[in-house]
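A short write-up of the structure that comes next.
Number of protein chains: 2
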Amino acid sequence: MTITIKELALKCGVSTATISRALNDDPSVTKETKEKVLAMASQLNYKPNLLARSFVTKKSNIIGLVMPDIYGEFFMEIIHGVDEVCYLNKYYTMVSSSQGKRSTAEAIIDFMSRGIVGGIILMTPAIDDEVRKILRLNHLPTVVISGKRDFDKCDSISIDNYNGAYSLTDYLINIKKIKKIAHISGPSKNNDAIQRQRGYLNALEDNGIPVNKNWIIEGDFTTLGGQSASTKLLKLKERPEVIFAANDMMAIGCYISARQLNLKIPTDFGVAGFDDIFASQFLNPRLTTLHVPIYELGKEAATILIQRMNKTAIDDFKHITVPTELIAGGSV
Amino acid sequence: MTITIKELALKCGVSTATISRALNDDPSVTKETKEKVLAMASQLNYKPNLLARSFVTKKSNIIGLVMPDIYGEFFMEIIHGVDEVCYLNKYYTMVSSSQGKRSTAEAIIDFMSRGIVGGIILMTPAIDDEVRKILRLNHLPTVVISGKRDFDKCDSISIDNYNGAYSLTDYLINIKKIKKIAHISGPSKNNDAIQRQRGYLNALEDNGIPVNKNWIIEGDFTTLGGQSASTKLLKLKERPEVIFAANDMMAIGCYISARQLNLKIPTDFGVAGFDDIFASQFLNPRLTTLHVPIYELGKEAATILIQRMNKTAIDDFKHITVPTELIAGGSV
DNA sequence: TATTTTAATGTAATCGTTTTCATGTAAAGA
DNA sequence: TCTTTACATGAAAACGATTACATTAAAATA
Chain A
581 MTITIKELAL KCGVSTATIS RALNDDPSVT KETKEKVLAM ASQLNYKPNL LARSFVTKKS
641 NIIGLVMPDI YGEFFMEIIH GVDEVCYLNK YYTMVSSSQG KRSTAEAIID FMSRGIVGGI
701 ILMTPAIDDE VRKILRLNHL PTVVISGKRD FDKCDSISID NYNGAYSLTD YLINIKKIKK
761 IAHISGPSKN NDAIQRQRGY LNALEDNGIP VNKNWIIEGD FTTLGGQSAS TKLLKLKERP
821 EVIFAANDMM AIGCYISARQ LNLKIPTDFG VAGFDDIFAS QFLNPRLTTL HVPIYELGKE
881 AATILIQRMN KTAIDDFKHI TVPTELIAGG SV
Chain B
581 MTITIKELAL KCGVSTATIS RALNDDPSVT KETKEKVLAM ASQLNYKPNL LARSFVTKKS
641 NIIGLVMPDI YGEFFMEIIH GVDEVCYLNK YYTMVSSSQG KRSTAEAIID FMSRGIVGGI
701 ILMTPAIDDE VRKILRLNHL PTVVISGKRD FDKCDSISID NYNGAYSLTD YLINIKKIKK
761 IAHISGPSKN NDAIQRQRGY LNALEDNGIP VNKNWIIEGD FTTLGGQSAS TKLLKLKERP
821 EVIFAANDMM AIGCYISARQ LNLKIPTDFG VAGFDDIFAS QFLNPRLTTL HVPIYELGKE
881 AATILIQRMN KTAIDDFKHI TVPTELIAGG SV
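Respectively, the protein sequence lines represent chains A and B. Numbering of the first sequence is given in the working numbering, commencing with residue 581 and proceeding in unit increments. Numbering of the second sequence is given in the working numbering, commencing with residue 581 and proceeding in unit increments.
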């Protein structure tokens, strides 16, 4: 059913080589032949078989998007951004999550060895040794989206977790005049979580506020985790005035605790989050949090990757840090 | 760097044909050769180039997921479900949205003519004539996820919008003893919206409740749309007791109106939605809505598609309707 | 033992495109 | 007018796998 280059060549009365050159805008083809070929191609609705093309050129305009799991808004927005840029550049997006069943490393290896994708966007909370090793051996252009810049051998994009958390904490202290700030952190190996906690701690220190160890609890980035952590915090003898959760999901957990303990936000205690997920704007009162431009992050990653896939020269790797934006809700 | 079948053949001292057969578990290869090849393959970390394989077999284990736009939970969950099934079956997921810049039809044509994907999952609120035409000519296995079963020439999965809306309306009438029920519908060409409205209307009729035309407003499935529609409804002289929004996003709009007009849910008026999106469970009070198993929908679609991609015999097309589940929140 | 059948493997064509190298023709220079 | 150069196009190889067909060796049959 689908027409091939041979048939098109026959119809045009030229060789397949000329067809190929015409379609790839080779300067050695005359304007007339080019026009003839293009006209016939569009008339017969000919489109080069991308499989065959990728096969012979050893290049693929498919981008592999590797993620730990496909779940929640964060990933959705990343995919959205990547897909948009891909579409505009006539690239394709292939998603691959580890589904909690294999390591990120395996997912990358699979993409690398199968010849399907021509570049990889790797989204990961932290780069472990295995992944580091693979990325070093890697011959495919790769962009890492991570919580922290911690790999130099490829392009990377990170959220400015540290400054985000710092500025929010600083805002609580200096604008809201709050000194008793608790923190529910994320998983201890997650770079986003680590940087956010660092920002929180340094802001306290810089403002001369001593750290109360009881007010720092490790969470797991889930609503349930936030709920149990905040319940603990709220039952302490010396209760904090504000709970700064390392992400919005856990902040939502704080709202649930509040309801259960019959406490009012922000009068009995305040809540702040990080991420500005969709649900946050509908919490009552609206959550004070840090907006992370995830969609733009995905777009940026895809843009950089496509640039690199298109050029042979290896210039310096880019390392971009994307700032967050403070959203002052009514929760503090 | 990556090793090819030729090199592996050389190492094993057999022909490429034997390698190919061994790896594809052809019964004509002896156990010993098979073992030898497999051992050497794993030792040298050989993986068949999928591009070359797909190219020669004219089959691809890549599934193309075509959506109008990649946005919001609905799509996220679909992708999640599809990806999971793909991963388990060693298939790959390629996403493609129209990005509001091209028709769904064009996206399908692109996939079909490029030889990249071996099957398509098409998610669309309604099948227009153009798409219908293409699907008829289509030679690629396709599964349609739609708001209504309205195309017979391929497998399809639909949410049971009608019965969901009917049961919710019936619940409001008979359990909650409410007679004044308004409806904010979805876009008039959206099949999900149409079926939901039908369910609402028929439930009213079956319960002998006359329809009040002023209480039915067309919305657009967005929060803002829900907000403006509900504001209109709440300012009517004869105000409805409950507003049944055709999706949760618009139901959230009703909550915003309530706050603005200083009305309390559910005492001043009630709200019900459809979809049970993530944010709904955190609304205060929790939204009464219909849970749609979107993730399962995606899994099911991928499962059916892979089955069809694996067999040559064309048996009857499956048409599956997935039921919804009533979630009784405190919003009514 | 001679012949046929069967089983295991090899040879070579094939897929649709790109690309190197060869070829022919027209324009430019002598 | 003859040679050189530049340009446009064609012929054919190449990419890495699969597979129809050919071949060989071993087993089964007469």
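Virtual Cβ for every residue (Gly too), placed ideally from N, Cα, C.
According to DSSP, simplified to helix, strand and coil, what is A/Ser738?
Taking the first sequence and counting its residues from 1, the one referred to as residue 738 of chain A is at position 158. A/Ser738: strand per DSSP, three-state reduction.
Among the residues of its own chain, which have a CB less than 6 Å from the CB of B/Ala809, if the five just before and after it don't count?
Counted from its first residue, the second sequence places residue 809 of chain B at position 229. Once the five neighbours on either side are set aside, the close Cβ partners of B/Ala809 are Ile764, Ile797 and Gly799.
Step through the CB atoms of chain B and report whether any lies within less than 7 Å of the CB of A/Thr582.
Locating residue 582 of chain A in the first sequence gives position 2, counting from the first residue. Yes, contact with chain B.
Contact set for B/Ile739: own chain, Cβ-Cβ below 8 Å, skip 5 residues either direction
For this step, residue 739 of chain B is matched to residue 159 along the second sequence. So the list reads Gly727, Asp772, Val872, Leu877, Thr901, Val902 and Thr904, once near-sequence residues are dropped.
Out of A/Lys817, A/Ala838, A/Leu814 and A/Val851, point me to the one whose CA is closest to A/Asn827's CA.
For this step, residue 827 of chain A is matched to residue 247 along the first sequence. Ranking A/Lys817, A/Ala838, A/Leu814 and A/Val851 by Cα distance to A/Asn827 puts A/Val851 first.
What whole-angstrom Cβ distance do B/Val822 and B/Ile758 have, given they're in contact under 8 Å?
Working through the second sequence from its first residue, we reach residue 822 of chain B at position 242. Working through the second sequence from its first residue, we reach residue 758 of chain B at position 178. Between B/Ile758 and B/Val822 the Cβ distance is about 5 Å, and since that is below 8 Å, they are a contact.
To the nearest angstrom, how far is the alpha carbon of A/Asp690 from that of B/Asn629?
Along the first sequence, read from residue 1 onward, the residue named residue 690 of chain A stands at position 110. Along the second sequence, read from residue 1 onward, the residue named residue 629 of chain B stands at position 49. Each residue's alpha carbon lies about 11 Å from the other.
Establish whether the CB of B/Ser634 and some CB of chain A are separated by less than 7 Å.
Along the second sequence, one-based indexing puts residue 634 of chain B at 54. Taking Cβ atoms only, chain A reaches closer than 7 Å to B/Ser634, which makes this a yes.
Whole beta strand (DSSP E) runs in the segment 667–720 of chain A with 3 or more residues, listed along the chain?
Those beta strand (DSSP E) runs which fall completely within the segment 667–720 of chain A and span 3+ residues are 672–677 and 699–704.
Are A/Ile583 and B/Ile659 touching if we call contact CB-CB under 7 Å?
Mapped onto the first sequence, residue 583 of chain A falls at position 3. Mapped onto the second sequence, residue 659 of chain B falls at position 79. Result no, Cβ atoms of A/Ile583 and B/Ile659 do not sit closer than 7 Å.
Under 9 Å between beta-carbons, which chain A residues line up against B/Asn864? List them in chain order, please.
Sequence index remark: in the second sequence, residue 864 of chain B carries index 284 (1-based). Those within 9 Å of B/Asn864 in chain A are Tyr835, Arg839, Leu863 and Asn864.
With which residues is B/Ser747 paired in a DSSP beta bridge?
Translated into positions along the second sequence, residue 747 of chain B becomes position 167. B/Ser747 pairs with nothing; no bridge assigned.
Grab me the residues of B/Lys844's own chain with a C-beta within less than 8 Å of its C-beta, minus the 5 sequence neighbours each way, in chain order.
Locating residue 844 of chain B in the second sequence gives position 264, counting from the first residue. The answer, listed in chain order, is Ala838.
Delimiting residues of the alpha helix (DSSP H) encompassing A/Ser810:
Position 230 of the first sequence, counted from the start, is the residue given in the question as residue 810 of chain A. Run containing A/Ser810: Thr803 to Leu814, per the alpha helix (DSSP H) assignment.
Out of A/Leu588, A/Phe655, A/Leu870 and A/Asn625, point me to the one whose CA is closest to A/Thr613's CA.
The count along the first sequence starts at 1 and reaches residue 613 of chain A at position 33. With distances taken between Cα atoms, A/Thr613 lies closest to A/Leu588.
Does DSSP put B/Ile900 in a helix, in a strand, or in coil?
Locating residue 900 of chain B in the second sequence gives position 320, where the first residue counts as 1. Judged by DSSP in its simplified three-state form, B/Ile900 adopts strand.
Bridge partners for A/Ala852 per DSSP, in chain order?
The residue you call residue 852 of chain A lines up with position 272 of the first sequence. Looking at the DSSP assignment, A/Ala852 forms a beta bridge with A/Phe824 and A/Thr868.
Under 7 Å between the Cβ atoms of A/Val646 and A/Leu702?
For the purposes of this step, residue 646 of chain A is taken as residue 66 along the first sequence, with counting starting at 1. For the purposes of this step, residue 702 of chain A is taken as residue 122 along the first sequence, with counting starting at 1. Taking 7 Å as the Cβ cut-off, A/Val646 and A/Leu702 qualify as a contacting pair.
Going straight from the alpha carbon of A/Asp848 to that of B/Ala831, what length do you get?
As a working note, residue 848 of chain A is residue 268 in the first sequence. As a working note, residue 831 of chain B is residue 251 in the second sequence. C-alpha separation (whole angstroms): 29 Å.
Should A/Thr610 go down as buried or exposed, given a rule of 16 or more other Cβ atoms within 10 Å for buried?
Counting from one through the first sequence, the residue named residue 610 of chain A turns up at place 30. Flag for A/Thr610 reads exposed.
Under 7 Å (Cβ pairs) to chain A, residues found in the segment 612–646 of chain B
Lys627, Asn629, Leu630, Leu631, Ala632, Ser634 and Phe635
Would you kindly report the start and end of the unbroken alpha helix (DSSP H) that includes B/Gly779?
Your numbering for residue 779 of chain B matches position 199 in the second sequence. Its alpha helix (DSSP H) spans residues Asn771 to Asp786.
Within-7 Å CB hit, B/Gln679 to chain A:
Position 99 of the second sequence holds residue 679 of chain B. By this cut-off, B/Gln679 is an interface position.
Out of B/Ile643, B/Ile753, B/Gly661 and B/Gln861, which has the shortest C-alpha to C-alpha gap to B/Asn890?
In the second sequence, residue 890 of chain B corresponds to position 310, counting from 1. Of the listed residues, the one whose Cα sits closest to B/Asn890 is B/Ile643.
Length of the line joining the Cα atoms of A/Asp834 and A/Leu781
To locate residue 834 of chain A, count along the first sequence from 1; it is residue 254. To locate residue 781 of chain A, count along the first sequence from 1; it is residue 201. According to the sequence provided, residue 834 of chain A is Cys. The question's Asp does not apply to it. Approximately 20 Å, taken between the alpha carbons.
Beta-carbon neighbours of B/Val675, restricted to chain A and to distances below 7 Å:
The residue labelled residue 675 of chain B in the question sits at position 95 within the second sequence. Those within 7 Å of B/Val675 in chain A are Ile659, Asp663, Thr673 and Val675.
Under the DSSP definition of a beta bridge, which residues are partnered with A/Thr722?
Counting from one through the first sequence, the residue named residue 722 of chain A turns up at place 142. In the DSSP output, where bridge partners are listed per residue, A/Thr722 has A/Ile700.
Look up A/Gly727 in the DSSP assignment and say whether it is helix, strand or coil.
Counting from 1 along the first sequence, the entry for residue 727 of chain A is found at position 147. Coil at A/Gly727, not helix or strand.
Quick one: measure Cβ to Cβ for B/Asn787 and B/Asp750, integer angstroms, because I've assumed they're closer than 8 Å.
Mapped onto the second sequence, residue 787 of chain B falls at position 207. Mapped onto the second sequence, residue 750 of chain B falls at position 170. The pair is a contact, with the Cβ atoms about 7 Å apart (cut-off 8 Å).
Out of A/Ile737, A/Tyr667 and A/Phe731, state which residue places its alpha-carbon closest to the alpha-carbon of A/Ile725.
Start at 1 with the first residue of the first sequence, and residue 725 of chain A comes out as number 145. It is A/Ile737 whose Cα lies nearest to the Cα of A/Ile725.
I need the DSSP call for A/Gly644, collapsed to helix, strand or coil.
On the first sequence, residue 644 of chain A is found 64 positions in, with the first residue counted as 1. A/Gly644 falls in the strand class under three-state DSSP.
Just checking, does the segment 673–681 of chain B make contact with the segment 670–680 of chain A on the three C-beta pairs under 8 Å criterion?
The segment 673–681 of chain B vs the segment 670–680 of chain A: in contact.
Just to confirm, are A/Thr869 and A/Ser860 a CB contact at a threshold of 7 Å?
Within the first sequence, numbered from 1, the residue matching residue 869 of chain A stands at position 289. Within the first sequence, numbered from 1, the residue matching residue 860 of chain A stands at position 280. Closer than 7 Å, so yes.
Grouping DSSP H, G and I as helix and E and B as strand, with all else coil, what is A/Ala920?
The question about residue 920 of chain A has no answer, for chain A in this structure spans 581 to 912.
Between the CA atoms of A/Glu657 and A/Val665 - distance to the nearest angstrom
As a first step, residue 665 of chain A must be located in the first sequence, where it is residue number 85. As a first step, residue 657 of chain A must be located in the first sequence, where it is residue number 77. The alpha-carbon atoms of A/Val665 and A/Glu657 are separated by roughly 13 Å.
Just to make sure I have the definition right: I need the residues of chain B whose C-beta is within less than 8 Å of the C-beta of A/Gly695. Which are they?
Position 115 of the first sequence, counting from 1, holds the residue named residue 695 of chain A. Thr582, Asn629, Leu630, Leu631 and Ala632, listed in chain order.
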